[in-house]
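Worksheet: the structure to be examined is printed underneath.
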Ligand SMILES: O=C(O)c1cccc(C(=O)CC[C@H]2O[C@@H](n3cnc4c(=O)[nH]cnc43)[C@H](O)[C@@H]2O)c1
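Numbering (my numbering), first residue to last: 25 to 261.
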């Protein structure tokens, strides 16, 4: 079974309409949809917005459901001057915590570079980025040749100004900003569960101008990509 996961229900509405032989299952007091999507056994669920809710809900789901893999889908922002534009599809080769660290007069210091003692036998090590270039990712790259592929950046503080946007792009070389991916990658790494992250671009980062945002389009593009992947035999070669 594959767990198809998004932050919000709007990001799976199209997928849920296509699930057949469906039944509702409970996880942590929330409803998930179990069934068959394009010939693949799936559970479709939602974590809520942001890294904390993603970590909490995904931990529950992996513990209770034990999926063979997770596909995280949703909308995301694209950094200026690089890669995808609105309505394009993006696949994550890695996930980076973009704003975990310290902002100083001389720039941003990633948390991983601070001299905080960590003891892995007592607590999990903090890791700034997670590689997602697994066999699942490489299969998806082949099945979705139109997709932009590269690092994704997860933030709590979204880049609503051109300055912050450019800074994050320069520091990370990311192609897509979001609020959940690195947390999903961290939890999946802990559980040794393969993760694929697929996002449709809903907006450029650095602007809040309404005419530059199309959230329904970003959500649709990501879901259509999930359908294409399953129809083309991802996980069922
Ligand atoms: O109102 C704003 O200026 C604003 C800026 C960034 C994001 C939001 C959201 O409400 C997005 C929440 C939701 O969508 C994903 N998402 C979509 N675009 C972005 C983005 O440019 N930066 C970060 N996250 C984005 C995100 O994964 C959340 O689930 C509002």
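Even glycine gets a Cβ: it sits at the ideal position worked out from N, Cα and C. Fair warning: this is a prediction, and the values are worked out from it, not measured in the lab.
Ligand 1 and residue 229: does the residue's C-beta get closer than 6 Å to at least one heavy atom of that ligand? Within the chain shown, the letter at position 205 stands for residue 229. Yes, the Cβ of residue 229 comes within 6 Å of a heavy atom of ligand 1.
Which of the three DSSP states, helix, strand or coil, is assigned to residue 165? As a first step, residue 165 is located in the chain shown; it is residue number 141 there, counting from the start. Helix.
Just checking residue 180 against ligand 1 - is the residue's beta carbon closer than 6 Å to any of the ligand's heavy atoms? The sequence position of residue 180 within the chain shown is 156, counting from 1. Residue 180: no, Cβ never under 6 Å from ligand 1.
Can you have a look at residue 95 and say buried or exposed, based on whether 16 or more other CB atoms are within 10 angstroms of its CB? By one-based count along the chain shown, residue 95 stands at place 71. So residue 95 counts as buried.
DSSP state of residue 189, grouped into three classes? Residue mapping note: residue 189 aligns to position 165 of the chain shown, counting from 1. In this structure, residue 189 counts as helix in the three-state DSSP scheme.
Considering only residues of the segment 44–108, which uninterrupted beta strand (DSSP E) runs meet the minimum length of 3 residues and lie entirely inside it, listed in chain order? 44–51, 54–61, 64–70, 93–102
Shortest alpha-carbon distance to residue 174 belongs to which of 229, 114, 203? Counting from one through the chain shown, the residue named residue 174 turns up at place 150. Ranking the options by Cα distance to residue 174, first place goes to 114.
Range of the contiguous beta strand (DSSP E) that encloses residue 240: Start at 1 with the first residue of the chain shown, and residue 240 comes out as number 216. Premise fails: residue 240 lies in the alpha helix (DSSP H), 239–255, not in any beta strand (DSSP E).
Can residue 99 be considered in contact with ligand 1, in the sense that its beta carbon sits closer than 6 Å to one or more heavy atoms? If you number the chain shown from 1, residue 99 lands on position 75. Indeed, a heavy atom of ligand 1 lies less than 6 Å from the Cβ.
Residue ranges of each beta strand (DSSP E) within the segment 196–243, 3 or longer: 200–202, 219–228
Beta-carbon contacts of residue 49 that lie in its chain and below 6 Å, excluding the five residues immediately before and after: In the chain shown, residue 49 corresponds to position 25, counting from 1. Taken in chain order, the residues that qualify are 56, 58.
Would you check if the segment 138–149 and the segment 101–108 touch, i.e. whether three or more CB-CB distances between them fall below 8 Å? no
For residue 146: DSSP bridge partner residues: Residue mapping note: residue 146 aligns to position 122 of the chain shown, counting from 1. Answer is none; residue 146 lacks a bridge partner.
With a threshold of 7 Å between beta-carbons, can residue 193 be considered close to chain B, or not? Of the protein chains in this structure there is only one, and it is not chain B.
Compare the Cα-Cα distances from residue 193 to each of 101, 35, 138, 137 and report the closest residue. As a first step, residue 193 must be located in the chain shown, where it is residue number 169. The option with the nearest alpha carbon to residue 193 is 101.
Does the Cβ-Cβ distance between residue 83 and residue 254 come in under 7 Å? Taking the chain shown and counting its residues from 1, the one referred to as residue 83 is at position 59. Taking the chain shown and counting its residues from 1, the one referred to as residue 254 is at position 230. Their beta carbons are not under 7 Å apart, which means residue 83 does not touch residue 254 by this criterion.
So, are the CB atoms of residue 241 and residue 111 less than 7 Å apart? Position 217 of the chain shown, counted from the first residue, corresponds to residue 241. Position 87 of the chain shown, counted from the first residue, corresponds to residue 111. In this structure, residue 111 lies closer than 7 Å to residue 241 by Cβ.
Quick one: does the C-beta of residue 203 sit closer than 6 Å to a heavy atom of ligand 1? Taking the first residue of the chain shown as 1, we reach residue 203 at position 179. Yes, ligand 1 has a heavy atom inside 6 Å of this Cβ.
Per DSSP, residue 119 forms a beta bridge with which residues? Indexing the chain shown from 1 puts residue 119 at position 95. According to DSSP, residue 119 bridges with 154, 176.
Round the Cβ separation of residue 51 and residue 89 to the nearest angstrom and send it over; I've been treating them as touching at under 8 Å. If you number the chain shown from 1, residue 51 lands on position 27. If you number the chain shown from 1, residue 89 lands on position 65. Contact flag correct, Cβ pair sits at about 7 Å.
Taking Cβ positions, are residue 176 and residue 200 nearer each other than 7 Å? Here residue 176 corresponds to residue number 152 of the chain shown, with the count starting at 1. Here residue 200 corresponds to residue number 176 of the chain shown, with the count starting at 1. Yes, the pair counts as a contact, with Cβ atoms nearer than the cut-off.
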